[in-house]
Structure formats: structure tokens, C-alpha cells
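Asks: Right, I'll just put the structure down here and ask away after.
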Amino acid sequence: MTDPYYSDDTLSLLLGDARNVLATMDMGSVNCVVTSPPYFGLRDYEGHGDQIGSESSPARYVAALAEVFAGARRVLADDGTLWLNLGDCYYSGRGNPGPNSADEKQPARRGWTRPLDRSGQDWAKPKDLLGIPWRVAFALQDAGWYLRNAIVWHKPNAMPESVRDRLAGRHEMLFLLTKSRRYWFDLDAIREPHAESTIAAAHRARRPYEAPGQRPNTKSRPLGDKGANPGDVWSINTRPLTEAHFATFPVELPRPCIAAGCRPGGTVLDPFSGAGTTALAAQQLGRRAIGIDINAKYHNIALKRMSDAPLPFGEAS
Ligand SMILES: C[S@@+](CC[C@H](N)C(=O)[O-])C[C@H]1O[C@@H](n2cnc3c(N)ncnc32)[C@H](O)[C@@H]1O
Numbered sequence: 043m044t045d046p047y048y049s050d051d052t053l054s055l056l057l058g059d060a061r062n063v064l065a066t067m068d069m070g071s072v073n074c075v076v077t078s079p080p081y082f083g084l085r086d087y088e089g090h091g092d093q094i095g096s097e098s099s100p101a102r103y104v105a106a107l108a109e110v111f112a113g114a115r116r117v118l119a120d121d122g123t124l125w126l127n128l129g130d131c132y133y134s135g136r137g138n139p140g141p142n143s144a145d146e147k148q149p150a151r152r153g154w155t156r157p158l159d160r161s162g163q164d165w166a167k168p169k170d171l172l173g174i175p176w177r178v179a180f181a182l183q184d185a186g187w188y189l190r191n192a193i194v195w196h197k198p199n200a201m202p203e204s205v206r207d208r209l210a211g212r213h214e215m216l217f218l219l220t221k222s223r224r225y226w227f228d229l230d231a232i233r234e235p236h237a238e239s240t241i242a243a244a245h246r247a248r249r250p251y252e253a254p255g256q257r258p259n260t261k262s263r264p265l266g267d268k269g270a271n272p273g274d275v276w277s278i279n280t281r282p283l284t285e286a287h288f289a290t291f292p293v294e295l296p297r298p299c300i301a302a303g304c305r306p307g308g309t310v311l312d313p314f315s316g317a318g319t320t321a322l323a324a325q326q327l328g329r330r331a332i333g334i335d336i337n338a339k340y341h342n343i344a345l346k347r348m349s350d351a352p353l354p355f356g357e358a359s
């Protein structure tokens with residue numbers, strides 16, 4: 043494995059282009075990948091020529107990500123899971139930065155579905171929604187991944203958009219992909235309390251004869267006491283991180299992915315680790331974490347966040 047930028051018993055931070063770094067890691071050495079790659083055409087992470095997101099077309103962007111995830115597939119255990127967060131954007135064709143494009147000073151603007159400000163391209167018409175997340179998902183499916191869920195990350199606090207001829211964007215996608223048909227998945231770890239209405243309906247269904255001649259509902263099944271399946275729409279507020287100057291996801295996003303998709307004691311990888319939110323979630327859940335980023339500045343932010351974070355429950359001295 044590449045010499046780590048930082049390493050201890052539970053965390054390794056590796057520096058470089060994810061495509062190269064992944065090639066140095068052992069096959070099958072991680073149990074779960076949770077990541078949010080740079081979005082297409084939108085931000086400059088000062089990663090020079092190798093940074094992803096600055097490709098000249100959606101097809102090239104998808105090809106670059108497909109290469110990263112081919113590497114991730116090699117290092118993922120056969121029963122491992124990949125949780126991939128991606129947002130979409132519109133093509134503006136204006137050729138100059140719009141009010142909400144690569145806005146480094148406003149990480150909170152991540153909540154926006156942003157225009158891509160480039161002129162003279164023939165792969166989209168101005169105003170087209172590019173459908174980037176699904177393009178990537180289909181490419182990964184074609185490369186052999188099983189696409190198991192398309193989770194909508196609904197952002198209740200998404201920034202308003204000053205548009206008048208379409209609806210404002212308030213979600214991003216979170217895809218669950220797996221390497222194999224059967225894989226590690228602990229649904230019980232992320233179950234939610236049953237809704238009041240479901241509990242009431244279950245009680246009603248189980249009540250014996252209410253009126254003469256009424257039959258019990260034999261089709262109804264008692265509610266399990268483990269809680270409900272959380273479903274594929276997750277409402278989580280964005281939480282901008284001032285020091286990162288770019289879009290970090292809130293720790294509430296990777297946490298359920300790791301709780302359900304990484305076996306206890308396993309290792310979680312983020313090949314675009316940025317300010318280390320995935321590693322933070324892994325730390326909170328007692329899993330080991332590996333983060334790869336092309337820019338050392340972000341690893342330093344991640345290290346500071348991890349050392350500032352309270353120890354997981356039960357380990358505080
Ligand atoms: C959207 S940010 C990830 C944010 C992260 N989820 C968090 O919450 O902090 C994307 C990251 O990918 C990094 N990056 C860009 N191109 C890369 C490449 N080729 N290899 C590795 N990292 C890259 C950027 O430096 C940036 O930190």
C-alpha cells in the first residue's frame with residue numbers, strides 16, 4: 043500500500059489520485075465503501091490535472107469515475123457494499139460562472155442543483171438537467187455492480203433557488219451497489235421506530251370480533267418489535283463545514299450506510315475522503331477507516347475533525 047499520509051490503529055489517510063492509490067491496496071481488504079466524488083464540472087479542489095470533476099463532458103466524467111470504482115471493486119470484499127452519493131446539475135451554456143456555480147466561499151450552496159457554466163458544448167442543450175447520478179449508476183451496473191437501492195437524500199434545509207420555470211432541487215442520490223448478489227447487510231442496525239399510525243393499524247387488525255358476524259383479519263401480520271425499515275427517502279439537513287470550503291456531507295448520511303453495510307470490526311473506505319466525514323462516522327461506529335484524497339489540505343482538516351470529536355459512547359475516559 044502507498045505510504046500513508048497518516049496512520050494509526052483505526053485510521054489511514056492516503057494521499058494521491060484515487061485511481062493510483064487504489065491500485066496499491068490489497069484485494070478484498072475493505073468491507074464497505076462510502077463516498078461522494080467531486081461533482082461534474084463544478085469545483086476546483088486544487089488537485090491539479092488528476093482531480094476528478096473537471097472532465098470536458100459527462101461521458102468523460104463517467105469514464106473517470108468508472109475507473110475509480112473498478113479499483114474500489116478490486117479492494118472491496120466479495121460481500122462488501124458501496125454507497126455512492128452524487129448530485130445532479132443543469133447545463134447553462136452561458137460560458138461564465140453563474141451565481142451558484144463553483145462557489146468556494148459558500149459550502150452551504152451544496153443544497154443547490156447547480157448550472158454548469160460552459161459554452162460551445164454539443165452534449166447538452168442549455169437548461170438540460172444532465173442526469174449525472176443515473177449515468178454513473180448505469181455505467182457501474184454495466185461494469186458488473188448490482189444496483190440495490192436508489193436512495194433519495196432529501197435536504198429539508200436546501201437553499202432556495204431563484205428559478206421560475208422549474209422546481210427547486212432539494213435532493214441528491216445515494217446509490218447502494220454491491221459486488222455480489224448476496225452481501226453483508228444488517229437492516230436491524232438501522233431500523234426506525236414504527237409510526238404511530240402503523241402501530242394503531244396493527245392493533246385494530248389484531249382485535250377479535252368487534253361486531254357480530256365480523257371476521258378477524260387473518261391476513262394481518264403482527265408488527266415485529268425490531269422497528270421499521272427506514273425506506274429509501276432519507277431527510278437529513280446539510281451541515282456546511284466552514285474550514286473545508288467545499289461540499290462535505292453531514293455525518294448522518296454515512297452513518298446508516300456503515301451501520302448496515304459494514305460488518306462490526308470491518309474497514310470502511312472513502313476514495314474521495316475530503317474533510318473525512320466518512321472516517322468520522324466509522325470512528326463513531328467502531329469501524330476502521332481508510333481515506334484517500336488528492337489534496338493534503340483536506341487530510342489535515344479530517345485529522346483535526348477526528349481529534350476534536352468526542353470518543354464513541356463507552357470509551358470516554
Ligand atoms: C465532494 S469532496 C468529498 C467530501 C467528503 N465526502 C466530506 O464529507 O468531507 C470530493 C473530494 O475529492 C477529492 N478529489 C478530487 N479528485 C480526486 C482524485 N482524482 N483522487 C482522490 N481524491 C480526489 C477532492 O480533493 C475533494 O476533497
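Quick note, the working numbering runs 42 ahead of the 1-based positions in the sequence shown.
All C-beta atoms, glycine included, are put in the ideal place defined by N, C-alpha and C.
All of these numbers come straight from a predicted model, not from anything done at the bench.
1. So what's H236 in DSSP terms, helix, strand or just coil?
2. Hey, would you say the C-beta of D335 is under 7 angstroms away from at least one heavy atom of ligand 1?
3. If you reduce the DSSP assignment to three classes, tell me which class R116 lands in.
4. Determine contact between the region 195-203 and the region 226-241, defined as no fewer than three beta-carbon pairs at a distance below 8 angstroms.
5. Among E238, A286, E97, which residue has its Cα nearest to the Cα of A270?
6. Could you check what DSSP says for N271 in three-state terms: helix, strand or coil?
7. What did DSSP end up calling I193 once you bin it into helix, strand or coil?
8. Put W154 into one of helix, strand or coil per three-state DSSP.
9. State the Cα-Cα distance for the pair K221 and R115, rounded to the nearest angstrom.
10. May I have the straight-line CA-CA distance separating P296 from Q325, to the nearest angstrom?
11. On the three-state DSSP scale, how would you describe F291?
12. For S143, name the three-state secondary structure that DSSP assigns.
13. Which first and last residues belong to the alpha helix (DSSP H) in which I174 is found?
14. Can D92 be considered in contact with ligand 1, in the sense that its beta carbon sits closer than 7 angstroms to one or more heavy atoms?
15. If you measure between the beta carbons of T319 and F288, is that distance less than 8 angstroms?
16. Nearest-angstrom Cα distance between N342 and A185?
17. Looking only at its own chain, which residues have a Cβ that is under 6 angstroms from the Cβ of G129, when we skip the five neighbours before and after it?
18. Quick one: what's got a C-beta closer than 6 angstroms to S78's C-beta in the same chain, skipping five residues either side?
19. Return yes when at least one heavy atom of ligand 1 lies under 7 angstroms from the C-beta of A317, else no.
20. In chain order, what residues of the same chain have a beta carbon less than 6 angstroms from the beta carbon of W187, not counting five sequence neighbours either side?
21. Which residue wins for smallest C-alpha separation from D50, given the options P352, K339, Y340, G333?
22. Return yes when the C-beta of P272 is under 7 angstroms from any heavy atom of ligand 1, and no when it is not.
23. Using three-state DSSP, classify R297 as helix, strand or coil.
24. Cα-Cα, which of Q163, S277, D164, W226 is closest to L216?
25. Could you spell out where the beta strand (DSSP E) holding A331 opens and where it closes?
26. Can R330 and T66 be called in contact, C-beta distance under 8 angstroms?
27. Thinking just about the alpha-carbon of each residue, which of A301, T44, C304 is nearest to the one in V63?
28. Look up Y225 in the DSSP assignment and say whether it is helix, strand or coil.
29. Tell me the rounded alpha-carbon separation between Y17 and D170.
Replies: Taking the geometry as given:
1. Locating residue 236 in the sequence shown gives position 194, counting from the first residue. Per DSSP, reduced to three states, the secondary structure at H236 is coil, with no helix or strand assignment.
2. Along the sequence shown, one-based indexing puts residue 335 at 293. Set against 7 angstroms, the gap from the CB of D335 to the closest heavy atom of ligand 1 is smaller.
3. Taking the first residue of the sequence shown as 1, we reach residue 116 at position 74. Looking at R116 - three-state DSSP - the assignment turns out to be helix.
4. In this structure the region 195-203 does not touch the region 226-241; the number of beta carbon pairs closer than 8 angstroms is below three.
5. Working through the sequence shown from its first residue, we reach residue 270 at position 228. Closest by C-alpha distance to A270, out of E238, A286, E97, is E238.
6. The count along the sequence shown starts at 1 and reaches residue 271 at position 229. Of the three classes helix, strand and coil, the one that applies to N271 here is coil, per DSSP.
7. Position 151 of the sequence shown holds residue 193. It is a strand residue.
8. Residue mapping note: residue 154 aligns to position 112 of the sequence shown, counting from 1. Residue confidence for W154 is low, a pLDDT of 45 falling below 50, so the modelled location carries little weight; the figure read from the coordinates is stated next. Of the three classes helix, strand and coil, the one that applies to W154 here is coil, per DSSP.
9. By 1-based counting over the sequence shown, the position of residue 221 is 179. By 1-based counting over the sequence shown, the position of residue 115 is 73. Between K221 and R115, the C-alpha separation is close to 7 angstroms.
10. In the sequence shown, the residue the question calls residue 296 occupies position 254. In the sequence shown, the residue the question calls residue 325 occupies position 283. One C-alpha to the other measures close to 11 angstroms.
11. Counting from 1 along the sequence shown, the entry for residue 291 is found at position 249. For F291, the secondary structure class from DSSP, reduced to helix, strand or coil, is coil.
12. In the sequence shown, counting from the first residue as 1, residue 143 sits at position 101. The pLDDT assigned to S143 is 43, lower than 50, so where the model puts this residue is not dependable; a value taken from the coordinates is nonetheless given after this. Here DSSP, grouped into helix, strand and coil, assigns S143 to coil.
13. Looking up residue 174 in the sequence shown gives position 132. Segment 174-184, the alpha helix (DSSP H) holding I174.
14. Translated into the one-based positions of the sequence shown, residue 92 becomes position 50. Relative to ligand 1, the nearest heavy atom lies less than 7 angstroms away from the CB of D92.
15. By 1-based counting over the sequence shown, the position of residue 319 is 277. By 1-based counting over the sequence shown, the position of residue 288 is 246. Not closer than 8 angstroms, so no.
16. Within the sequence shown, numbered from 1, the residue matching residue 342 stands at position 300. Within the sequence shown, numbered from 1, the residue matching residue 185 stands at position 143. About 34 angstroms.
17. Counting from 1 along the sequence shown, the entry for residue 129 is found at position 87. For G129, where only same-chain residues beyond five positions count, the Cβ hits under 6 angstroms are Y81, E214.
18. Within the sequence shown, residue 78 is the residue found at index 36, counting from 1. Within the same chain, S78 has close Cβ partners N127, F291.
19. Position 275 of the sequence shown, counted from the first residue, corresponds to residue 317. Taken from the Cβ of A317, at least one heavy atom of ligand 1 lies inside 7 angstroms.
20. Numbered from its first residue, the sequence shown carries residue 187 at position 145. Same-chain partners within the cutoff: L219.
21. Residue numbering aside, residue 50 sits at position 8 when the sequence shown is read from its first letter. Nearest of P352, K339, Y340, G333 to D50, Cα basis: G333.
22. Stepping through the sequence shown from its first residue, residue 272 is reached at position 230. Flag unset: Cβ of P272 not near ligand 1.
23. What you label residue 297 is simply residue 255 of the sequence shown in a count that begins at 1. Under the three-state reduction of DSSP output, R297 falls in the helix class.
24. Here residue 216 is taken as the residue at index 174 of the sequence shown, counted from 1. Selected option, being the one with the closest Cα: S277.
25. Position 289 of the sequence shown, counted from the start, is the residue given in the question as residue 331. Unbroken beta strand (DSSP E) run through A331: 330-335.
26. As a first step, residue 330 is located in the sequence shown; it is residue number 288 there, counting from the start. As a first step, residue 66 is located in the sequence shown; it is residue number 24 there, counting from the start. Against a cut-off of 8 angstroms, the Cβ pair of T66 and R330 comes out as no contact.
27. Locating residue 63 in the sequence shown gives position 21, counting from the first residue. Across the set A301, T44, C304, the C-alpha of T44 shows the shortest separation from the C-alpha of V63.
28. Translated into positions along the sequence shown, residue 225 becomes position 183. Note: Y225 maps to coil in three-state DSSP.
29. Only positions 43 to 359 of the chain appear in this structure, which leaves residue 17 out of reach.
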